[in-house]
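If you use the working numbering, the first sequence corresponds to residues 23 to 632, in order. Step one of this worksheet: look at the structure below.
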Amino acid sequence: MKIVIAEKPSVARELAKVFGATTKKDGYIEGKGYSFTWAFGHLLQLAPPQEYGFIGWRRQHLPMLPKKFKLSVRKVKTKDGFIEDPSVRKQLDIIKKLFDEATEIIVATDAGREGELIFRYIYYYLKCKKPFKRLWISSQTDEAIKEGFRNLKPGTDYDTLFNSAHCRSESDWLVGMNATQALSIAAGNRTVLSLGRVQTPTLAMICSRFIETKNFVPKLFYQLSILLDKDGQQFKALSIANFDKKEDAQVLFDKIQDVSAGFPTGGLIKDVESKPRKEPPPLLHDLSSIQQEANKKKGYTADQTLSILQSLYEGKLISYPRTGSRYIGDDVFAGIPKLIDQLRNHPEFGKSAEFLTTVPLNKRSVNAKKVTDHHAILPTGEPPYHLSSEKQAIYDMIVARMLEAFHKECVKELTKITIESGSTFIANGTVIRSAGWRSVLNDPEDDNKGEESLSLPKVKKEESLPILEKALVEKQTKPKPLYNEASLLKALETSGKEIEDEELRYAMKDSGLGTPATRASIIETLITREYIKREKRNLIPTDKGLAVYEVVKDQAIAQAELTGQWEKRLEEIRSGASVSEFKEEITAYTRTITTQLLGCGVSIAEKATV
DNA sequence: GCAAGGTC
C-alpha cells in the first residue's frame, strides 16, 4: 500500500479523487493501491520548557537552551487548562498505522517551508525510518496533480528546506520563550509579559503610531476658496498657495474680484486641462485583502473574517481561504466563465454577470507564476443557502470581487481648471466616462485620496466667470491615523512600510511580518495579553503595552527587520548554507536579550503589572 | 503561564 499524506483533509480528498480512490475510512481514503491521509496543519509542536525540567519561571533557568528539542502533541485549551488535542492524537495513531503498513510514503503537504515541517515533525515523532518521496505541485488541478505524481522527487531533495523550517521553529522558541520569561520575571512575575519575533514588532508599530498621534501638534494654515458660476452651474476652486499666517492670506483674499466687490466676471480662466485616466480592476482577493475589506466595510475583526471564511470553505462554497496569492493560473481561469454564467440571475450581480458573458474577460488576475501554494479566493459555484448575514456579506464580497477582477477597466476623465483672481486657484473634477469594474458594486470611491468625484462645467480658456462667493478657510494639519485592523494588516504585509502600489506590495510580501494565516491570531494575542485594545475601530495600546514597548523599543526583538534578517539566513540554509552557524548566532542573541531583559527590573515592574 | 506556525 502506498501512503499519501496531505497537509489537510481537503487536499487529500482532491488527490484521492484524481486517483479514483473512493473508500472512506476513518482518517483516510483508500483505493487503487493507495491510502490518502492527512494532517490538520501542525499536529506537533516544540515541547514547552517544563518538558526539559524548567519547572516554574525562574531566573536561574535562563536562558533555557535545550540541547535537543522534543516534540509534543498539539494542545487544546479546556476549562481544566491545556490538554492533548484528542482528535490530533487519534489522527497521529492513524498515520502511524498507515506508515507501518506502507510500501511507499508520498509527502503531499503544501509545497513550502511549513508544509515540509508539518510532515517531518510527524515523521520523526513517529520514529518512522522508511524512505519517502515528495509531491511538489503549485496548482491543484487534475492535470497538475497527475503530472506531479509522474514526477515525484526523492524526499532527501528537501532536507535543506526542512533545515530552514526547523531553524525557524527552534529560533522562535528560543527567543520567544526566553524573552517572555525574562521580562515577566524582571517585572516581578505577576503577569505574563510575552515577547516574540512577530508580536513585539507588531506591538511596536501600534505603540509608536499611537505616541506619534498623541504628541502631534496640529499646525494651522490658511487657504482661499472661491465659488464660480458658469451658466448656472456652480463649482468651487481652492488657492494653490497655503499660508501659515492669516494676514498673508488676508492680503490676497482682499484681491479676489468677486461679484459683491463690484466685479461681475472677476475670475479669469487661465487654463483648462482634461485627460483620461484608466483604472485597472482590482486583483482577486487573498486572505489579507478580504480581511481588510471586511474590516473597512463591515467592521469585522481579522479573526472574525477568518472564521467566517473557514466555515464557508468547510461548506464547500469558497476555495481555500488562507492564501497569500491574488492570482489564479490559466487552468482555474478556464472555469471562470461558468462561475460567472451561474450568476446571471443573481438579484444584485446579475447585470454585471450578464455583461461579462458578452465580452472578453480581463486577465489581470491571471498569472500562474504568482500562484504559490494556493490561488486567490474564489467561489466554488456551489449554490449557497440560508447563510447568516455575516457569512452572506463575506460570500458576496468574494463574488463581487470575482466579477470586478474580470471586468473592464474604469475610465475617468480628470479635469483641472486654473483660475486667476488676485492669485491662482484650481478646481479639480473627475467624471467617470465608463464605469467598467466600478459598476459591479457602485461603491462611493475611497475618499482618502482627496479626489473629488464631481463634474465640472465646460469652460473655455481666457473666458471670465463671476465669483459668487469667497472665503478664507482655516485648516489644520492632521496626524497619521491610528492603526485599525485593516491598516495594520496592510502594514504587516510590508513590515510597517506602507506601500500604496498593489504590485510592489506583492513583491515585498516575502519580507512581511507573520503570514496570512497567522496575522489575525497575532492581533488576538496582543489583545489577550492586554497590550492593546479595540477602541471603536482603532487598535490602541494599553498602559501595559506602552510600558513593554518602552523597555524593548530599541532592541532587535522589537524591529520588523529582525524577521527580514532571519529570512535571508533561512533562505541561505535552504540553498545549503551551514545550520550550526545560524543556530550559534541565535543562541548568542538569546543569551544577550535574556540578560538585558532580566536587568531592566524596576522600570517595568510598576507600570506593566497594575 | 510563554513563540510562531499551520488547520478544524
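All residues carry an ideal CB built from backbone N, CA and C; glycine is no exception. These numbers were taken from a predicted model, which means no experiment stands behind them.
Counting only runs of 4+ residues, no alpha helix (DSSP H) is found wholly inside the stretch 233-267. Under the three-state reduction of DSSP, Ala324 is assigned to helix. Taking a cut-off of 8 Å on C-beta distances, the stretch 175-184 does not touch the stretch 50-58, as fewer than three cross pairs fall below it. Between Gly346 and Thr394 a beta carbon distance of about 6 Å is seen, short of the 8 Å cut, so the two are scored as contacting. Closest option to Ile127, judged by alpha-carbon separation, among Trp60, Gly351 and Ser191: Trp60. DSSP lists Ile399 as the bridge partner or partners of His307. By the criterion of a C-beta distance shorter than 8 Å, Leu93 is surrounded in its chain by Leu66, Gln67, Leu68, Ala69, Tyr143, Tyr146 and Tyr147, once the five residues flanking it on both sides are discounted. Arg80: not part of any beta strand (DSSP E); DSSP gives it neither H nor E. DSSP, reduced to helix, strand and coil, places Thr379 outside both helices and strands of the structure shown, so it counts as coil. In this structure, Lys575 keeps its C-beta atom at 8 Å or more from the C-beta atom of Glu552. Listed as beta-bridge partners of Glu404 by DSSP are no residues whatsoever. Ala204 counts as buried, since at least 16 other C-beta atoms from the protein chains shown sit within 10 angstroms of its C-beta. In this structure, the alpha-carbon of Ile340 lies about 52 Å from that of Ile248. Look at Tyr146 here: in three-state DSSP terms it is helix. Only residues of its own chain outside the window of five on either side were considered, and among them Phe121 have a CB closer than 6 Å to the CB of Cys150, listed in chain order. For the beta strand (DSSP E) assignment, the uninterrupted runs of no fewer than 3 residues enclosed by the stretch 87-115 are, from N- to C-terminal side, 93-95, 97-100 and 103-106. The stretch 278-286 makes no contact with the stretch 347-361: fewer than 3 CB pairs, one atom from each, lie closer than 8 Å.
Taking the CA atoms as reference points, Tyr335 sits about 59 Å from Ile489. Scanning Gln113, Glu192 and Arg299 for the CA closest to the CA of Gly63 turns up Gln113. Of Ser191, Glu165 and Arg156, the smallest CA-CA separation from Glu136 is found for Ser191. Scanning its chain for C-beta atoms nearer than 7 Å, with the 5 sequence neighbours on each side dropped, one finds around Tyr50 the residues Ser57, Phe58, Thr59, Ile116 and Leu120, in chain order.
If you compare the alpha carbons of Ala201, Ser445, Ser109 and Val220 with that of Leu290, the shortest gap goes to Ser445. Each of Val129, Ile579, Pro538 and Thr609 was checked against the Cα of Ser216, and the nearest Cα belongs to Ile579. Between the stretch 292-300 and the stretch 493-502, the count of C-beta pairs closer than 8 Å stays below three; the two stretches do not touch. When the five nearest sequence neighbours on each side are left out, the beta carbons in the same chain lying within less than 7 Å of the beta carbon of Leu37 are those of Val26, Ala28, Phe58, Ala130 and Ile167, in order along the chain.
Counted as a single uninterrupted DSSP element, the beta strand (DSSP E) harbouring Tyr56 occupies residues Tyr56 to Trp60. Every alpha helix (DSSP H) stretch that sits fully inside the stretch 115-189 and reaches 4 residues is listed by chain position as 135-147 and 164-172. Ranked by how close their Cα comes to the Cα of Ile454, the residues Ser443, Leu463 and Leu436 have Leu436 in first place. A distance below 8 Å separates the beta carbons of Arg231 and Leu504.
In this structure the stretch 267-276 does not lie against the stretch 297-304, because fewer than three pairs of beta carbons, one per stretch, are closer than 8 Å. Per the coordinates, the alpha-carbon of Asp181 lies some 12 Å from the alpha-carbon of Phe141. By a beta-carbon distance limit of 8 Å, Leu620 does not contact Ile262. Their separation comes to about 58 Å. Scanning Leu157, Lys99, Ala226 and Glu607 for the CA closest to the CA of Val570 turns up Ala226. Where Ile340 is concerned, there is no enclosing beta strand (DSSP E), because DSSP gives it neither an H nor an E. Residue state for Leu68 is assigned as strand, using DSSP reduced to three classes. By alpha-carbon distance to Ile448, the top candidate from Leu250, Val95 and Tyr322 is Leu250.
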